[in-house]
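S.K.: Heads up, the sequence shown is in numbering that gives the first Met the number 0, so the first residue is 0 and it goes up one at a time.
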Amino acid sequence: MNELAIERPEASGLNLWRVNLVGFWTIVRKESRRVVRIWVQTIVPPAITMTLYFIIFGSLVGRRIGEMDGVPYMTFIAPGLIMMAVITNSFANVVSSFFSSKLMLHLEEMLVAPLAHTTIVLGFVVGGVVRGLLVAALVVVVALFFTDLDVAHPLITFTTIVLTAVVFSIAGLFNAIFAKSFDDISIIPTFVLTPLTYLGGVFFSISLLPPFWQKVALLNPILYMVNAFRYGMLGSADISVGVAYAIMVAFALGLFAAVLFMLNRGIGVRA
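What follows is the structure, given as structure tokens:
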């Protein structure tokens, strides 16, 4: 099984840099076109889901809550809902695409080609980031129908959303490598991402929690991502933005190294 990841043809006489650049853009283009081609699955559902969240939690529940951290509740949850869409869609894009490539044996063609594993990983990750940002833009448009949105710190807002999309794109790739069936690619979203997202400060400020549960909440990495993005948009957060950046970068580098290690060892490269 390991031979698949080890026996790679020599690219003598070829400009390896150019080969990898062409390979990278080919994967990115394929992933981006896939998002647009199956827009009924990739674009429409997040828009409908987020609209329902804004109606139920923002309009109906928000009227009773009033304000949260000094801003209208609808405005408070908007950054969290945008991040929720980025997390779920960047993860879903890569895990489904990579596993499908593995199942249909397309992955084998890439692994035996003179492409660096780093190139393959980056291609899929950028594809996930593209979908995450596209859906985020759509959710922003939806949010504008319900509340006014301002951006207090544009650079923090942009870098946070990109880093979050990168982290969960790599996480999706990590899940896809281990997956043996389509059931396996739904385990992490169902039992890990969904609970952590709902408990990650999307709908509430952790300052409302008892001291013990505040400490427990601080163990949730999604809390830092949501709060960093909320700080970028609203100018307020429950945690240190510097700590949030450190956590996002650490997760991105750690997952990236783990994925490269598995591909180099040939782990999970067959469906």
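For each residue, glycine too, the CB sits at the ideal point set by N, CA and C.
Please read these numbers as outputs of a predicted model, since none were measured by experiment.
Among the residues of its own chain, which have a CB less than 6 Å from the CB of V134, if the five just before and after it don't count?
M.R.: Translated into the one-based positions of the sequence shown, residue 134 becomes position 135. Taken in chain order, the residues that qualify are P45, A84 and N88.
S.K.: If we call anything under 7 Å between Cβ atoms a contact, is I81 one with V138?
M.R.: Along the sequence shown, one-based indexing puts residue 81 at 82. Along the sequence shown, one-based indexing puts residue 138 at 139. In this structure, V138 lies closer than 7 Å to I81 by Cβ.
S.K.: How far does the alpha helix (DSSP H) with A251 in it reach, from first residue to last?
M.R.: For the purposes of this step, residue 251 is taken as residue 252 along the sequence shown, with counting starting at 1. V240 to R264 is the span of the alpha helix (DSSP H), which, as asked, contains A251.
S.K.: DSSP three-state call for M67: helix, strand or coil?
M.R.: Position 68 of the sequence shown, counted from the first residue, corresponds to residue 67. In this structure, M67 counts as strand in the three-state DSSP scheme.
S.K.: Tell me whether L192 is buried or exposed, calling it buried when 16 or more other Cβ atoms sit within 10 Å of its Cβ.
M.R.: In the sequence shown, counting from the first residue as 1, residue 192 sits at position 193. By the 10 Å Cβ count, L192 comes out buried.
S.K.: In its own chain, which residues sit with a C-beta less than 8 Å from the C-beta of L252, not counting the 5 before and 5 after it?
M.R.: The residue labelled residue 252 in the question sits at position 253 within the sequence shown. Closer than 8 Å at Cβ, skipping near neighbours: no residue.
S.K.: Tell me where the alpha helix (DSSP H) around H152 begins and ends.
M.R.: Taking the first residue of the sequence shown as 1, we reach residue 152 at position 153. Element bounds for H152: n/a, residue is neither H nor E.
S.K.: The alpha helix (DSSP H) spanning N219 covers which residue range?
M.R.: Taking the first residue of the sequence shown as position 1, residue 219 is located at position 220. Run containing N219: none; DSSP gives neither H nor E here.
S.K.: Does S239 pass the burial test, meaning 16 or more other C-beta atoms within 10 Å, or should it be called exposed?
M.R.: Looking up residue 239 in the sequence shown gives position 240. S239 should be labelled exposed.
S.K.: Counting only runs that start and end within the segment 181-229, where is the alpha helix (DSSP H) found for 4 or more residues in a row?
M.R.: DSSP runs (the alpha helix (DSSP H)) wholly in the segment 181-229: 193-197 and 210-216.
S.K.: Which residue's Cα is closest to the Cα of N263: T163, F98, V120 and S96?
M.R.: Mapped onto the sequence shown, residue 263 falls at position 264. When only C-alpha atoms are compared, the closest one is V120.
S.K.: So, for G22: in the same chain, excluding its five sequence neighbours on each side, which residues have a beta-carbon less than 6 Å away from its beta-carbon?
M.R.: Start at 1 with the first residue of the sequence shown, and residue 22 comes out as number 23. Only L114 and T118 meet the Cβ criterion.
S.K.: Where in the segment 37-102 do unbroken runs of the alpha helix (DSSP H), each at least 4 residues long, occur, reported from the N-terminal end onward?
M.R.: You should have 38-41, 43-52, 61-64 and 72-102.
S.K.: Grouping DSSP H, G and I as helix and E and B as strand, with all else coil, what is I169?
M.R.: By 1-based counting over the sequence shown, the position of residue 169 is 170. Helix at I169.
S.K.: Tell me which same chain residues have a C-beta within less than 8 Å of the C-beta of G69, skipping the five on either side of it?
M.R.: Taking the sequence shown and counting its residues from 1, the one referred to as residue 69 is at position 70. Taken in chain order, the residues that qualify are S235.
S.K.: Note down, in chain order, each residue of its chain lying with its Cβ closer than 8 Å to the Cβ of V34, except the 5 sequence neighbours on either side.
M.R.: Along the sequence shown, read from residue 1 onward, the residue named residue 34 stands at position 35. Answer for V34: T41, I42, N92, G126, V129, R130 and L133, listed in chain order.
S.K.: From which residue to which residue does the alpha helix (DSSP H) around S123 run?
M.R.: The residue labelled residue 123 in the question sits at position 124 within the sequence shown. Residue identity check: residue 123 is Phe in the sequence provided, not Ser. H116 to L143 is the span of the alpha helix (DSSP H), which, as asked, contains F123.
S.K.: Between which two residues does the alpha helix (DSSP H) containing L106 stretch?
M.R.: As a first step, residue 106 must be located in the sequence shown, where it is residue number 107. Counting along the chain, the alpha helix (DSSP H) containing L106 begins and ends at H105 to V111.
S.K.: Using a threshold of 7 Å, state whether the C-beta atoms of I184 and M261 are closer than that.
M.R.: Here residue 184 corresponds to residue number 185 of the sequence shown, with the count starting at 1. Here residue 261 corresponds to residue number 262 of the sequence shown, with the count starting at 1. Their beta carbons are not under 7 Å apart, which means I184 does not touch M261 by this criterion.
S.K.: Enumerate in chain order the residues of its own chain whose CB-to-CB distance from M73 is below 8 Å, with the five nearest sequence positions on each side excluded.
M.R.: Your numbering for residue 73 matches position 74 in the sequence shown. Within the same chain, M73 has close Cβ partners F53, G57, S58, G61, F145 and T146.
S.K.: Excluding five sequence neighbours on each side, which residues of the same chain lie with their C-beta closer than 8 Å to the C-beta of V258?
M.R.: Here residue 258 is taken as the residue at index 259 of the sequence shown, counted from 1. If we look at V258 and ignore the five residues flanking it on each side, its Cβ neighbours are V120, I169, L172, F173 and I176.
S.K.: Could you give the C-beta distance for R229 and P71, rounded to a whole number, given that I count them as a contact under 8 Å?
M.R.: Along the sequence shown, one-based indexing puts residue 229 at 230. Along the sequence shown, one-based indexing puts residue 71 at 72. Rounded, the Cβ-Cβ distance is 14 Å, inconsistent with contact.
S.K.: Please classify G241 as buried or exposed, where buried requires at least 16 other C-beta atoms within 10 Å of its C-beta.
M.R.: The count along the sequence shown starts at 1 and reaches residue 241 at position 242. Classification for G241: exposed.
S.K.: Measure the C-alpha to C-alpha separation of A164 and I55 and round it to an integer number of angstroms.
M.R.: Working through the sequence shown from its first residue, we reach residue 164 at position 165. Working through the sequence shown from its first residue, we reach residue 55 at position 56. About 26 Å.
S.K.: Hey, how far is the Cα of V27 from the Cα of T50?
M.R.: The count along the sequence shown starts at 1 and reaches residue 27 at position 28. The count along the sequence shown starts at 1 and reaches residue 50 at position 51. Near 29 Å, if we compare the C-alpha coordinates of T50 and V27.
S.K.: Should E30 be labelled buried (16 or more other beta-carbon atoms within 10 Å of its own) or exposed?
M.R.: Numbered from 1 along the sequence shown, position 31 holds the residue referred to as residue 30. Its Cβ being crowded by 16 or more others within 10 Å, E30 is buried.
S.K.: Does the distance from the C-beta atom of N226 to that of L195 stay below 7 Å?
M.R.: Counted from its first residue, the sequence shown places residue 226 at position 227. Counted from its first residue, the sequence shown places residue 195 at position 196. No.
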